[in-house]
Structures are given as C-alpha cells and as structure tokens.
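Undergrad: All residue numbers in the sequence shown are consecutive under numbering that gives the first Met the number 0, ending with 998.
Below is the structure I would like to discuss, written out as structure tokens.
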Amino acid sequence: MSWVFCWLLAGAAFFAEPACAIDPNRAMSQYIRDRWGPGQGFPKGPVYAFTQTADGYLWIGTEAGLVRFDGLNFRLISDQSVSITNVLGLTADGENNLWVRLTGPTLLRFRDGVFEDSVSRLGMPYSFVTSISRANDGGLLVSRLQNGAVKYRSGKFEVLASTRPLSRSPVISLAQSASGDVWMGTRDAGLFRSSGSQVFAGAKSLEETKINCLLPDGERNLWIGTDHGIALWNGSEVTSGGVPEDQNDFQTLALARDRDANIWVGTDARGLLRVNAHGVSYLNGRNGSGPAVTAIFEDREGNLWIGSPNGIERLRDSAFVTYSPSEDLPTDGSIPLFVDSENRLWFPPLAGGLWWMKDNKHGQISAEGLDKDVVYSIAGRKGELWLGRQRGGLTQLRSSKGSFISRSYTQANGLAQNGVYSVHQSRDGTLWAGTLSGGVSSLRDGKFTTYTVANGLASNTVASILEGADRTMWFATPTGLSALSQGQWKSYRAGDGLPSANVNCLLEDSGGVLWAGTASGLAFRSSVGFQIPAGVPPSLREQILGIAEDKFGSLWMATSNHVLRVKRDKLLRGALADGDIREYGVADGLHGVEGVKRHRSVVTDPLGRIWFSMNGGISVVDPARLTGSAAPAIVHMQTISSDGKPIDLQGPLRLPGGSKRITLGYAGLSLSVPERVRFRYMLDRFDRAWSQPVLAREAIYTNLGPGTYRFRVVASNSDGLWNSEETAIGFVIEPMFWQTWWFRLSSALVLTLAIAGAYRFRLHHLTRQLHIRFEERLAERTRVAQDLHDTLLQGFLSASMQLHVAADHVPEDSLAKPPLTRVIHLVGQVIEEGRNAVRGLRSSPDATNDLALSFSTIQQEPGIEQEIDFRVIVKGQPRVLHAVLRDEVYRIGRELLVNAFRHSEAKNIEVELEYSARHFRLLVRDNGCGIDPEVLGAGRVEHLGLPGMRARAERIRARLRVWSSSAAGTEVELFIPGHVAFQLASKRGPLLGMKTERR
Numbered sequence: 000m001s002w003v004f005c006w007l008l009a010g011a012a013f014f015a016e017p018a019c020a021i022d023p024n025r026a027m028s029q030y031i032r033d034r035w036g037p038g039q040g041f042p043k044g045p046v047y048a049f050t051q052t053a054d055g056y057l058w059i060g061t062e063a064g065l066v067r068f069d070g071l072n073f074r075l076i077s078d079q080s081v082s083i084t085n086v087l088g089l090t091a092d093g094e095n096n097l098w099v100r101l102t103g104p105t106l107l108r109f110r111d112g113v114f115e116d117s118v119s120r121l122g123m124p125y126s127f128v129t130s131i132s133r134a135n136d137g138g139l140l141v142s143r144l145q146n147g148a149v150k151y152r153s154g155k156f157e158v159l160a161s162t163r164p165l166s167r168s169p170v171i172s173l174a175q176s177a178s179g180d181v182w183m184g185t186r187d188a189g190l191f192r193s194s195g196s197q198v199f200a201g202a203k204s205l206e207e208t209k210i211n212c213l214l215p216d217g218e219r220n221l222w223i224g225t226d227h228g229i230a231l232w233n234g235s236e237v238t239s240g241g242v243p244e245d246q247n248d249f250q251t252l253a254l255a256r257d258r259d260a261n262i263w264v265g266t267d268a269r270g271l272l273r274v275n276a277h278g279v280s281y282l283n284g285r286n287g288s289g290p291a292v293t294a295i296f297e298d299r300e301g302n303l304w305i306g307s308p309n310g311i312e313r314l315r316d317s318a319f320v321t322y323s324p325s326e327d328l329p330t331d332g333s334i335p336l337f338v339d340s341e342n343r344l345w346f347p348p349l350a351g352g353l354w355w356m357k358d359n360k361h362g363q364i365s366a367e368g369l370d371k372d373v374v375y376s377i378a379g380r381k382g383e384l385w386l387g388r389q390r391g392g393l394t395q396l397r398s399s400k401g402s403f404i405s406r407s408y409t410q411a412n413g414l415a416q417n418g419v420y421s422v423h424q425s426r427d428g429t430l431w432a433g434t435l436s437g438g439v440s441s442l443r444d445g446k447f448t449t450y451t452v453a454n455g456l457a458s459n460t461v462a463s464i465l466e467g468a469d470r471t472m473w474f475a476t477p478t479g480l481s482a483l484s485q486g487q488w489k490s491y492r493a494g495d496g497l498p499s500a501n502v503n504c505l506l507e508d509s510g511g512v513l514w515a516g517t518a519s520g521l522a523f524r525s526s527v528g529f530q531i532p533a534g535v536p537p538s539l540r541e542q543i544l545g546i547a548e549d550k551f552g553s554l555w556m557a558t559s560n561h562v563l564r565v566k567r568d569k570l571l572r573g574a575l576a577d578g579d580i581r582e583y584g585v586a587d588g589l590h591g592v593e594g595v596k597r598h599r600s601v602v603t604d605p606l607g608r609i610w611f612s613m614n615g616g617i618s619v620v621d622p623a624r625l626t627g628s629a630a631p632a633i634v635h636m637q638t639i640s641s642d643g644k645p646i647d648l649q650g651p652l653r654l655p656g657g658s659k660r661i662t663l664g665y666a667g668l669s670l671s672v673p674e675r676v677r678f679r680y681m682l683d684r685f686d687r688a689w690s691q692p693v694l695a696r697e698a699i700y701t702n703l704g705p706g707t708y709r710f711r712v713v714a715s716n717s718d719g720l721w722n723s724e725e726t727a728i729g730f731v732i733e734p735m736f737w738q739t740w741w742f743r744l745s746s747a748l749v750l751t752l753a754i755a756g757a758y759r760f761r762l763h764h765l766t767r768q769l770h771i772r773f774e775e776r777l778a779e780r781t782r783v784a785q786d787l788h789d790t791l792l793q794g795f796l797s798a799s800m801q802l803h804v805a806a807d808h809v810p811e812d813s814l815a816k817p818p819l820t821r822v823i824h825l826v827g828q829v830i831e832e833g834r835n836a837v838r839g840l841r842s843s844p845d846a847t848n849d850l851a852l853s854f855s856t857i858q859q860e861p862g863i864e865q866e867i868d869f870r871v872i873v874k875g876q877p878r879v880l881h882a883v884l885r886d887e888v889y890r891i892g893r894e895l896l897v898n899a900f901r902h903s904e905a906k907n908i909e910v911e912l913e914y915s916a917r918h919f920r921l922l923v924r925d926n927g928c929g930i931d932p933e934v935l936g937a938g939r940v941e942h943l944g945l946p947g948m949r950a951r952a953e954r955i956r957a958r959l960r961v962w963s964s965s966a967a968g969t970e971v972e973l974f975i976p977g978h979v980a981f982q983l984a985s986k987r988g989p990l991l992g993m994k995t996e997r998r
C-alpha cells in the first residue's frame with residue numbers, strides 16, 4: 000500500500016539555533032543540489048523517513064535499515080538484539096530519544112547506543128504501529144492499527160484518542176497543530192481531530208479519502224496529502240492551496256514546511272513541488288517529472304533533505320544566486336553591469352542588445368541598433384542611461400512614459416572614437432567616455448572635450464573611470480592610473496606604489512579610501528601615496544577585475560580565479576587573520592570563479608546586494624543574509640585506536656602500554672558544506688597550544704608516554720563560525736612494566752647504590768694509593784736519614800773527635816788555638832744540625848700518635864712564655880693518622896704555637912683537635928694582637944712562615960685557612976679529608992658488605 004511511503008516531517012523546531020533556510024524568492028534551479036546513491040556510499044533505497052537528533056546526526060530510514068549520516072559518511076546501524084530493516088518512520092523527541100518505526104508492531108527507542116522495544120520494555124499496548132510524529136511538548140505521538148493513538152511522555156504511554164470514531168478505518172498519519180489538537184488521517188475514512196479526550200470528524204469533503212500525510216501550518220491551517228493531490232483545510236473549507244487544478248493530480252507521499260514558510264510536497268510522479276506566495280514550482284522542470292519523493296526533512300541549518308527510491312538529495316540555499324541561461328537569461332560571457340535608481344539591473348549580452356532584471360522579472364530593450372552591437376559599459380542617473388558601445392559610439396536612453404527615447408553620439412559629433420569602453424556620469428552631469436584607443440571625451444552642455452596622452456593621460460585606452468569625493472576624476476588605463484583635478488593631470492605607475500601599471504578597476508570606499516585593482520593585485524591610496532596592503536594572500540595578488548563595498552565593512556572582489564570577501568579595516572592595517580578573508584566557489588552558488596574584464600563587473604545595488612558578472616553568469620550575494628545567525632558545527636569523537644586497533648568508546652579508555660601511534664577520529668557535524676568544516680585540537684600534557692585550523696578529521700600522536708591525557712577539539716562550520724564549546728575525551732595510556740613507578744623507584748635505588756658503590760670503590764682505591772705513597776715516602780725518608788747518620792754524620796763525628804784530640808795537644812798560648820777552637824765549634828754546630836735533619840726525616844719522636852700530648856708539651860720548651868693560659872681540646876674519638884701526615888700536622892701545629900707564644904702577646908692560646916669520620920681538623924687560636932694584613936696576605940718566611948705552612952698543607956692535601964683581627968686575635972685552621980688523614984677511613988670496604996682489614 001502507498002501509505003507506507005508517507006511520512007510527516009514537520010520542520011526542526013526543537014533545534015534552538017536559527018539559520019538561513021531555503022530562499023523562497025529563488026527559482027528552483029538556483030538551489031544547490033547534491034545527490035547520494037549507491038555510487039556515493041548510500042546503502043540502499045527506498046528512503047521512507049528522515050530526522051535529526053540533537054547531536055547533529057542525520058538519521059535515514061530505508062528498506063535496508065537505519066542509516067546515520069554525518070555529511071560525509073554513511074553508517075548502517077545494526078544491533079544484536081533486534082533485526083533493523085524496513086525503517087518506515089523516525090522521530091527525535093525532546094528527551095534525546097530516537098524512535099524507530101519498523102514494519103508491524105515494532106517501535107524501537109534508541110538511547111545511549113541501546114535499542115529498546117516499546118512493547119516489551121516500555122509498556123506500550125501491543126498493536127501494529129502505522130505512524131509516529133513529534134508532539135508540541137517534545138513527546139511522541141503514535142497511531143496504531145487497532146487501538147487509536149497514544150502519546151509517550153516522561154517514561155509512559157497514555158491513550159490519546161478513543162477508538163470508537165476511528166474503528167472503521169485505521170489511522171495512517173497524524174500531526175499536532177499549534178493549538179494542541181491532534182489531526183489524524185485514515186486509510187479510507189478521511190480526516191479526524193482529537194481535542195482533549197474527544198475525537199471529531201474533519202472536513203466532510205474528504206470523507207472516504209485516503210490521507211497519506213498531514214502538515215499543520217499555524218493555528219488553523221492544515222495541509223493534507225492524498226492520493227489525488229494536496230488540499231488545504233482552514234477549519235471551514237478545503238482548497239487546493241494554490242496548486243492549479245489541472246496539476247493537482249499526483250499522489251502525495253510527504254509534506255514539510257521550512258522556516259521561510261515554503262511548503263514542500265513529495266509526489267509519486269512529479270517529483271518535488273514548492274508552494275509559496277509566488278505560486279507552485281517544480282524541482283524538475285515546469286510541470287515536474289522524475290523519481291518519487293518519499294520523504295522530506297529540513298535540518299537545523301535550513302537544508303532540505305529529499306528521499307527517493309534510489310537515494311537521497313540535499314537542497315540548500317547558497318550565498319550566491321546565479322542567473323544563467325537555464326533561467327532563460329542571456330547572461331553568459333563578458334557582461335558589464337549597472338543598477339539604476341529603481342533597483343533594476345541592466346546588462347548587455349555579449350551577442351548584443353540590452354536587458355534588465357528586477358524581482359525575478361526581466362525584459363529587453365532594442366533601440367538604435369543595440370541588438371546588433373556590443374555594449375561595453377553602462378552609466379546613468381535617474382531617468383536616463385548612457386551606453387558605451389563597441390561600434391556605435393555613445394548612446395543615451397531617456398525614460399519617457401514607460402518607454403525609452405534614444406540618442407547616439409559618434410565621432411561625427413566630436414566623440415574621440417566610436418569604440419567606447421567605459422562610461423561615467425559625474426555629479427555635475429558631465430558625461431565621461433573612455434575609448435578603446437582615442438583617449439577620454441567629456442560631454443558637457445552638448446560639447447565634447449577630448450584628453451589624450453598629449454594632455455597627460457597615461458594611455459589612450461581607458462578601462463575604468465571614477466569620480467572621487469573631492470571631484471578628482473580618476474582614469475584607469477593599461478599603462479597607469481591618471482588623475483585630473485582642477486585642470487591638472489598626474490599619473491601613477493608601478494614605481495609610485497601600484498603593484499602593476501595595468502589598472503583594471505577603481506573604488507572609493509565609504510571611508511574615502513581609493514582602491515585600485517591591477518593586473519598584479521590590489522593597492523590603496525593613503526596620505527603618503529599608493530600602497531600594497533601588507534600580508535595579503537596569493538589570491539589578492541592576482542588580476543583584480545572588480546571591487547565593491549558592502550554595508551558591513553567588507554570589500555568584495557572578483558579576480559581572474561577567485562571571488563573574495565575581505566574585511567576592509569583589517570586589510571588596510573595589514574592585519575588579516577583567519578576568518579577575515581573568505582573565498583567563494585561553486586559550493587556557494589557560483590557557476591564559476593573567473594571574473595570578466597569589463598567596466599563595472601562588480602556593483603552594489605540600493606538594497607546592499609553585490610552583483611558579479613562572471614564567465615558562468617550573473618551572480619548576486621546579499622551580505623545581510625550572510626551575517627544572520629548560523630548553526631555552529633557540533634563536534635563528536637568517533638574513534639580512537641592504538642596502533643591500528645580500535646578502542647571501544649563506551650568503555651574505560653585505557654590504552655595498552657607501549658602504544659606507538661594513537662589515532663583520534665572526530666567529526667564536525669555541519670551538513671550544509673561539510674567539506675569546509677575545519678578543526679582545531681589540543682592534547683593536554685603534550686601540546687602547548689591549539690593546532691592551526693585543519694580539514695583532517697583525525698589527529699595522530701606517536702610515542703606518547705604513559706599517563707592520563709585529555710584531547711580537546713573545536714570546529715567551525717562552512718561559514719567560519721567556531722563553536723563556543725569544545726568537545727573533550729580523556730584516556731589513559733598504561734605504562735609498561737619498566738615505566739611503572741615501582742620499577743622507576745627500584746631502578747633509581749639500584750642506580751643510587753651503584754653510584755655509591757662506585758664512589759666508595761674509587762675512594763677506597765684512592766685511599767690505598769695515598770697510603771702506599773705515604774708509606775713509600777716514610778720509608779724513603781727513613782733510608783735517607785739512616786744514610787746520613789751512617790755516613791755524613793759519622794764522618795763529621797770522627798772529624799770532630801780528631802779535632803778535639805788535636806786541640807788537646809795545642810798549647811793554650813799557641814796562635815793556632817783560637818782558630819782550632821772555632822772550627823771545633825762549627826763542626827759541633829754542623830753535627831747538631833745534621834742530627835736535627837735526621838730527626839726531621841725520621842718519624843718525630845716528639846710527635847707521637849697522641850698529638851694532644853705532643854702539643855701540650857710545647858709550652859715547656861726553653862724560650863716559651865710560661866705565664867700564658869694554654870690548653871689543648873680534643874673533639875671526637877682520636878684516631879691514628881698516617882705517620883708522614885701526622886709529622887706534617889705536628890710541624891705545622893708546632894710552628895703555629897711557637898709563633899703564637901712568641902709574637903701574639905696573647906693571654907690565652909688554644910689548640911683544638913677534631914676527629915670526625917669525614918675529616919680531621921686542627922685549630923689554633925689566640926686572643927693576641929693579630930697578624931698584620933700585609934703579612935697575612937703574603938706571609939714572611941723569616942718571621943711567621945705562612946707560605947711554608949701552606950706548601951706543607953698542599954703536599955698532604957690539606958686546606959689551611961687563616962683568620963685574624965687586631966681586636967680578637969688569630970685563628971688558623973688546618974682541614975684534612977678523612978680518607979686522606981686516617982690510616983682507615985671506614986670499617987667497610989668500597990662495596991656494601993665488603994670488609995677491609997685494619998693494617
């Protein structure tokens with residue numbers, strides 16, 4: 000039965016975002032049509048229903064099943080719990096439920112990725128479902144074969160209408176009007192209305208009529224689709240709704256109303272109809288033909304979706320409306336444009352003649368042989384037009400009582416040349432005619448005055464003419480831009496700031512800035528002369544063929560390969576950013592993007608619209624319509640995979656450790672022109688800033704470390720509007736065992752122990768080497784001392800003894816006695832000094848292992864002041880020092896004490912010995928007169944011996960520090976690291992657990 004094809008899709012009112020819809024003033028051929036069939040990935044027709052859920056997805060009910068569409072990709076939905084085929088109806092309610100009507104009693108609710116049967120799970124009485132529709136309050140209306148209509152709201156079904164008045168015919172369509180009444184169409188009993196708990200019969204003229212679909216229109220009107228055309232019920236009478244009777248003979252399969260009040264009718268044999276104030280239009284020709292239209296739906300962006308037996312089609316508005324030969328207008332070729340004071344667009348076809356167009360009406364003017372000549376340019380003011388012709392010179396058309404009176408001027412009348420390329424009428428009424436090669440002629444008070452290169456014009460070929468606000472006349476030529484002001488000429492070329500001397504078009508904007516479009520891009524005139532805007536894209540370095548300004552601060556330009564809209568102020572400042580310049584193309588309604596080289600190929604009309612003459616026809620754009628609120632793209636995360644393996648988005652997003660390549664797939668749902676949707680994304684903990692806008696619908700990250708991440712993404716729709724709310728998804732990359740905290744802690748501990756062991760081993764090695772060197776040094780000193788004692792000293796002793804014997808035999812009064820005595824004394828001194836040297840080489844008998852005892856006896860030596868308070872302090876447990884080092888410490892300490900006793904004039908002298916596991920420290924302090932700063936800085940060898948003490952300290956790897964003040968005395972510290980000072984720095988060896996024997 001044909002009623003299975005019928006589906007009511009009453010707009011998309013539950014979506015909050017307003018957007019431009021289908022312009023009712025356009026011809027059907029001026030909409031953008033896109034088709035999807037099996038060759039474009041569409042699963043299979045026929046199509047029975049459309050709807051759109053709040054998340055932006057388009058849902059399509061087909062014979063093959065339930066299909067989800069994001070604008071680029073189709074996905075056939077399957078479920079293990081139920082077989083989903085022959086989807087006859089779809090409705091999205093106000094509770095984010097998607098209702099899916101299948102053949103028979105099956106009505107499914109799809110929510111959060113789960114399908115539920117309304118009979119077994121939701122408590123709906125068992126009956127065959129014949130139609131579903133959305134209620135005004137967001138609920139679901141359901142008509143059933145035996146039990147009338149029910150309504151689902153807030154988790155329960157309730158009976159909407161009793162079955163008694165409807166018992167003789169099942170309800171196959173229903174819809175709720177703005178008043179709250181529910182209208183029901185039956186299979187063969189006509190129309191009924193449910194108000195409260197009562198059911199009333201509808202129009203009597205529709206009794207026994209099969210009603211396939213219903214569409215409420217306001218409070219009272221109801222559009223009715225039948226097997227014999229459409230009808231409009233206003234509560235009192237039934238009409239054809241403006242459809243001619245001879246055309247109202249089709250089977251109506253679908254009805255929809257868009258937000259611009261167009262009524263769309265899907266038929267079996269006439270395709271798609273549009274009914275509005277302009278009458279009836281057919282998508283496929285004057286009388287309609289083509290495949291059946293089985294479903295119609297308007298989405299949240301104003302696009303119209305059409306279902307057919309073989310696929311789907313999208314009908315949408317576009318920024319530009321193009322008038323081409325398909326609208327019976329000769330608009331192909333290079334055509335100049337002019338809009339008069341009555342808002343009529345004038346254009347001359349390339350084949351000849353002059354046409355006008357206004358409010359989708361058009362006409363032709365044939366006068367003075369215009370149909371056999373080419374018009375290069377048009378100018379004028381109220382009541383008259385001036386035409387520059389290829390061969391016929393300059394023609395004036397004056398309006399008189401609904402017709403035009405023509406008059407032409409040629410060379411015979413004083414015109415410079417009969418080929419006039421550009422025409423301009425200045426504010427004082429002077430007519431300027433730029434010729435092909437004869438210069439420019441001005442017509443004032445019936446007389447022509449001609450200017451050529453001889454007068455200062457840059458070239459005798461004039462491409463464009465403009466009058467500035469200061470009444471300066473500007474002339475664009477192929478070899479420069481010329482200005483005529485108060486009888487004086489001046490020309491500008493590439494060396495004067497223009498990108499090229501070949502100037503095509505001119506514009507003075509609302510701010511008084513003069514713009515020049517040249518063969519190599521755009522320039523503007525500033526206080527310092529002509530300038531090329533900074534930072535312009537390559538499209539603004541092309542040949543500029545036309546410029547116009549809208550009321551919203553933008554410049555519109557046609558180039559050799561682009562149609563552009565640019566923010567004027569940003570362009571002047573050289574601060575163009577993303578979104579400040581927009582390119583338009585075929586997807587925006589243009590039939591081509593190649594401009595034409597004519598005077599006034601881009602013009603503005605009194606309504607603010609911009610008209611373009613293009614190679615593909617005449618196109619117009621309304622900037623005011625573009626600035627309306629558009630629906631932003633809705634972003635969804637669709638997939639996430641690790642090394643090519645998909646991860647279930649419904650479960651916890653924990654990715655395996657060692658993942659090398661993480662791919663995040665997302666979609667930006669903007670169904671108008673999804674190819675233009677751009678994205679910016681950022682991965683927290685990895686990216687420092689948002690990415691640049693990209694078209695790619697996936698982001699790939701490689702070699703991410705373990706941890707918790709958050710991926711954020713935003714999108715812009717086809718108009719460049721970025722959504723304000725970002726979409727985010729968090730995921731965790733599990734660590735490998737060697738990336739876990741316990742492994743890292745263990746590794747750090749092992750590394751620390753290894754470093755400590757290596758350090759101790761190295762320290763032990765250095766200590767042993769130092770000990771060996773000390774032992775070798777001590778042995779060598781002992782050997783030298785023994786050798787001195789056994790050889791040199793013994794020799795001197797023998798000599799001394801011999802001298803004493805000789806002295807005993809010399810008489811006292813002998814002259815030799817005194818010298819001999821002196822020699823004996825000198826030899827004694829040498830022997831004593833030798834003995835001291837030997838004692839110095841050997842381990843000092845005075846410096847025993849008990850340094851404290853050795854230092855305490857120094858005060859008892861001859862020549863030491865006995866009245867000074869002297870004490871020795873020991874800190875820590877005394878330890879054995881290396882013999883050689885101990886001797887050096889003793890000598891340094893003894894010298895310090897002797898100096899203190901003899902020179903410091905102190906009352907108190909202290910020696911402090913500190914034994915620590917890490918160091919040995921000797922500190923000698925007094926409260927005497929201190930050391931002179933010069934002596935402290937340089938030392939005096941013959942007095943205090945500081946350089947010698949420092950040298951000794953360096954030899955044993957010690958550090959000597961001297962501090963002195965005249966008011967507080969002197970303090971000298973000798974600091975030696977423990978591993979250098981002591982015979983055994985530790986009871987443990989270089990590695991933990993290794994014992995070292997004490998020597």
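Even for Gly, the Cβ is constructed at its ideal location relative to N, Cα and C.
Remember, it's a predicted structure, so these values are computed and weren't measured experimentally.
For Leu652, which residues from the same chain have a beta carbon less than 8 angstroms from its beta carbon, with the 5 sequence-adjacent residues on both sides left out?
TA: Here residue 652 is taken as the residue at index 653 of the sequence shown, counted from 1. Ile639, Ile646, Ile728, Gly729, Phe730 and Val731, listed in sequence order.
Undergrad: Taking C-beta to C-beta, are Val634 and Ala666 nearer than 9 angstroms?
TA: Taking the first residue of the sequence shown as 1, we reach residue 634 at position 635. Taking the first residue of the sequence shown as 1, we reach residue 666 at position 667. Yes; because the gap between Cβ atoms is below 9 angstroms, this pair is in contact.
Undergrad: Hey, Leu221 and Ser176 are a contact pair by Cβ (cut 8 angstroms); roughly how many whole angstroms apart?
TA: Counting from 1 along the sequence shown, the entry for residue 221 is found at position 222. Counting from 1 along the sequence shown, the entry for residue 176 is found at position 177. So it is a contact: roughly 7 angstroms between Cβ atoms.
Undergrad: Under the rule that 16 or more other beta-carbon atoms within 10 Å means buried, what is Trp98, buried or exposed?
TA: The residue given as residue 98 occupies position 99 in the sequence shown. With 16 or more other Cβ atoms within 10 Å, it is buried.
Undergrad: Spell out whether any CB of chain C is found under 9 angstroms from the CB atom of Thr856.
TA: Given the protein chain composition of this structure (a single chain), no chain C is represented.
Undergrad: Between the stretch 582-590 and the stretch 557-573, do three or more beta carbon pairs fall short of 8 angstroms?
TA: Because the criterion of three Cβ pairs below 8 angstroms is met, the stretch 582-590 and the stretch 557-573 touch.
Undergrad: Measuring alpha carbon to alpha carbon, tell me which residue in Ala518, Ile830, Gly301 and Pro810 is nearest Met800.
TA: Translated into the one-based positions of the sequence shown, residue 800 becomes position 801. When each option's Cα is compared against that of Met800, the closest is Ile830.
Undergrad: Determine the burial state of Ser965: buried for a count of at least 16 other Cβ atoms within 10 Å of its Cβ, exposed for fewer.
TA: Taking the first residue of the sequence shown as 1, we reach residue 965 at position 966. Label assigned to Ser965: exposed.
Undergrad: Taking DSSP as the reference, what is the three-state secondary structure of Trp721?
TA: Counted from its first residue, the sequence shown places residue 721 at position 722. In the structure shown, Trp721 sits in a strand (DSSP, three-state: E or B).
Undergrad: Using 8 angstroms as the threshold, is the stretch 68-77 in touch with the stretch 33-43, meaning 3 or more CB pairs across them?
TA: yes
Undergrad: Assuming Tyr914 contacts Gln876 under a Cβ cut-off of 8 angstroms, what Cβ separation, rounded to an integer in Å, is found between them?
TA: Position 915 of the sequence shown, counting from 1, holds the residue named residue 914. Position 877 of the sequence shown, counting from 1, holds the residue named residue 876. Indeed they touch by this definition, with Cβ atoms about 6 angstroms apart.
Undergrad: When the Cα atoms are used, what is the spatial distance from Gln389 to Ala432?
TA: Locating residue 389 in the sequence shown gives position 390, counting from the first residue. Locating residue 432 in the sequence shown gives position 433, counting from the first residue. Their backbone Cα atoms lie some 12 angstroms apart in a straight line.
Undergrad: Since Pro396 and Ala366 should fall inside the 8 angstroms C-beta cutoff, what is the C-beta to C-beta distance between them, to a whole number of angstroms?
TA: What you label residue 396 is simply residue 397 of the sequence shown in a count that begins at 1. What you label residue 366 is simply residue 367 of the sequence shown in a count that begins at 1. The amino acid occupying residue 396 in the given sequence is Leu; Pro does not appear at that position. Correct: roughly 7 angstroms between the Cβ atoms.
Undergrad: Residues in its own chain within less than 7 angstroms of Leu349 by CB, not counting five upstream and five downstream?
TA: The residue labelled residue 349 in the question sits at position 350 within the sequence shown. The residues are Gly332, Ser333, Ile334 and Val373.
Undergrad: Is Tyr450 near Ser463, with beta carbons less than 9 angstroms apart?
TA: To locate residue 450, count along the sequence shown from 1; it is residue 451. To locate residue 463, count along the sequence shown from 1; it is residue 464. Their beta carbons are not under 9 angstroms apart, which means Tyr450 does not touch Ser463 by this criterion.
Undergrad: For Leu682 versus Arg711, is the C-beta spacing smaller than 9 angstroms?
TA: For the purposes of this step, residue 682 is identified with residue 683 of the sequence shown, where counting begins at 1. For the purposes of this step, residue 711 is identified with residue 712 of the sequence shown, where counting begins at 1. Cβ atoms of Leu682 and Arg711: closer than 9 angstroms.
Undergrad: Take the Cβ of Pro324 as the centre, count every other Cβ of all protein chains shown within 10 Å, and call the residue buried at 16 or more, exposed below.
TA: Sequence index remark: in the sequence shown, residue 324 carries index 325 (1-based). The residue is exposed, with fewer than 16 neighbouring Cβ atoms inside 10 Å.
Undergrad: Whose C-beta lies closer than 8 angstroms to the C-beta of Ile26 among residues of the same chain, with five residues either side of it excluded?
TA: Taking the sequence shown and counting its residues from 1, the one referred to as residue 26 is at position 27. The sequence given here has Ala at residue 26, not Ile. Excluding sequence positions up to five before and after Ala26, its CB lies within less than 8 angstroms of the CB of Ser280, Glu326 and Asn359, all in the same chain and listed in chain order.
Undergrad: Applying the criterion that 16 or more other CB atoms from any shown protein chain within 10 Å of the CB defines a buried residue, is Leu282 buried or exposed?
TA: By one-based count along the sequence shown, residue 282 stands at place 283. With 16 or more other Cβ atoms within 10 Å, it is buried.
Undergrad: What's the gap between the Cα of Ser168 and the Cα of Lys550?
TA: Within the sequence shown, numbered from 1, the residue matching residue 168 stands at position 169. Within the sequence shown, numbered from 1, the residue matching residue 550 stands at position 551. One C-alpha to the other measures close to 59 angstroms.
Undergrad: What three-state label does DSSP hand Ala547 in the structure shown?
TA: Here residue 547 is taken as the residue at index 548 of the sequence shown, counted from 1. The answer is strand: DSSP assigns Ala547 an E or B state.
Undergrad: Could you pull out every residue in the same chain whose Cβ sits closer than 6 angstroms to the Cβ of Asn233, ignoring the five residues on either side in sequence?
TA: Counting from 1 along the sequence shown, the entry for residue 233 is found at position 234. The answer, listed in chain order, is Arg219 and Asn220.
Undergrad: Could you check what DSSP says for His635 in three-state terms: helix, strand or coil?
TA: Here residue 635 refers to the residue found at position 636 of the sequence shown. It is a strand residue.
Undergrad: Is Trp689 helix, strand or coil by DSSP?
TA: One-based indexing of the sequence shown puts residue 689 at position 690. Trp689 falls in the coil class under three-state DSSP.
Undergrad: As an exercise, report each continuous alpha helix (DSSP H) stretch of at least 4 residues that is fully enclosed by the stretch 547-614, in chain order.
TA: Given a length threshold of 4 residues, each whole run of the alpha helix (DSSP H) inside the stretch 547-614 is given here in chain order: 567-572.
Undergrad: Taking Cβ to Cβ, would you say Glu612 is nearer than 9 angstroms to Phe346?
TA: The sequence position of residue 612 within the sequence shown is 613, counting from 1. The sequence position of residue 346 within the sequence shown is 347, counting from 1. Per the sequence presented here, residue 612 reads as Ser, with Glu not at that position. Cβ atoms of Ser612 and Phe346: closer than 9 angstroms.
Undergrad: Which residues bound the alpha helix (DSSP H) around Met800?
TA: Here residue 800 corresponds to residue number 801 of the sequence shown, with the count starting at 1. Segment Gln793 to His808, the alpha helix (DSSP H) holding Met800.
Undergrad: Taking the CB atoms as reference points, tell me whether Leu744 and Tyr56 lie closer together than 9 angstroms.
TA: Position 745 of the sequence shown, counted from the first residue, corresponds to residue 744. Position 57 of the sequence shown, counted from the first residue, corresponds to residue 56. Contact: no.
Undergrad: Provide the residue(s) that pair with Ser193 in DSSP beta bridges, ordered along the chain.
TA: Taking the first residue of the sequence shown as position 1, residue 193 is located at position 194. Looking at the DSSP assignment, Ser193 forms a beta bridge with Val181 and Val198.
Undergrad: Are three or more beta carbon pairs between the stretch 80-97 and the stretch 127-144 nearer than 8 angstroms?
TA: yes
Undergrad: So, under 8 angstroms CB-CB, Ile546 and Val601 are touching, yes? Tell me the CB distance rounded to an integer number of Å.
TA: Locating residue 546 in the sequence shown gives position 547, counting from the first residue. Locating residue 601 in the sequence shown gives position 602, counting from the first residue. Their Cβ separation, rounded to whole angstroms, is 6 angstroms, which keeps Ile546 and Val601 in contact under 8 angstroms.
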